[in-house]
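Undergrad: Provided herewith is a single structure, encoded as structure tokens, for subsequent inquiry.
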Amino acid sequence: MNGPPVIVRGVSDVSAPHTLRLIADKVRRLSPSHRNPERFHEDKSEIERDLRRLARRVGNG
Numbered sequence: 001m002n003g004p005p006v007i008v009r010g011v012s013d014v015s016a017p018h019t020l021r022l023i024a025d026k027v028r029r030l031s032p033s034h035r036n037p038e039r040f041h042e043d044k045s046e047i048e049r050d051l052r053r054l055a056r057r058v059g060n061g
């Protein structure tokens, strides 16, 4: 996937919406590739990790 990786650290009320927008952008760009089919699954797993990390941070917030 193109673009910088989303790194979720301490999430505040201000940074959580920004982080969600970054993750939404990654989801929008997510698409299978006939040249590198594994990349789709790698990117999907990365998005899942980002969302779980964000949920943990917000839950502990």
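Be aware that the sequence shown starts at 1, since it is given in the UniProt record's numbering, and climbs by one per residue. We put the CB at the ideal spot given by N, CA and C, even for glycine. Small disclaimer: the values here were computed from a predicted structure and weren't measured.
Let me check understanding here. Comparing Cα to Cα, which of 35, 54 and 40 lies closest to residue 18?
TA: By 1-based counting over the sequence shown, the position of residue 18 is 18. The residue with the shortest Cα to Cα distance from residue 18 is 54.
Undergrad: Distance check for residue 56 and residue 41, CA to CA, integer angstroms please.
TA: Start at 1 with the first residue of the sequence shown, and residue 41 comes out as number 41. Start at 1 with the first residue of the sequence shown, and residue 56 comes out as number 56. The straight-line gap from Cα to Cα measures roughly 22 Å.
Undergrad: Can you tell me whether residue 37 is helix, strand or coil according to DSSP?
TA: Here residue 37 refers to the residue found at position 37 when the sequence shown is read from its first residue. The answer is helix: DSSP assigns residue 37 an H, G or I state.
Undergrad: Do residue 43 and residue 22 have their C-beta atoms closer together than 9 Å?
TA: Counting from one through the sequence shown, the residue named residue 43 turns up at place 43. Counting from one through the sequence shown, the residue named residue 22 turns up at place 22. No, the Cβ-Cβ distance between residue 43 and residue 22 is not below 9 Å.
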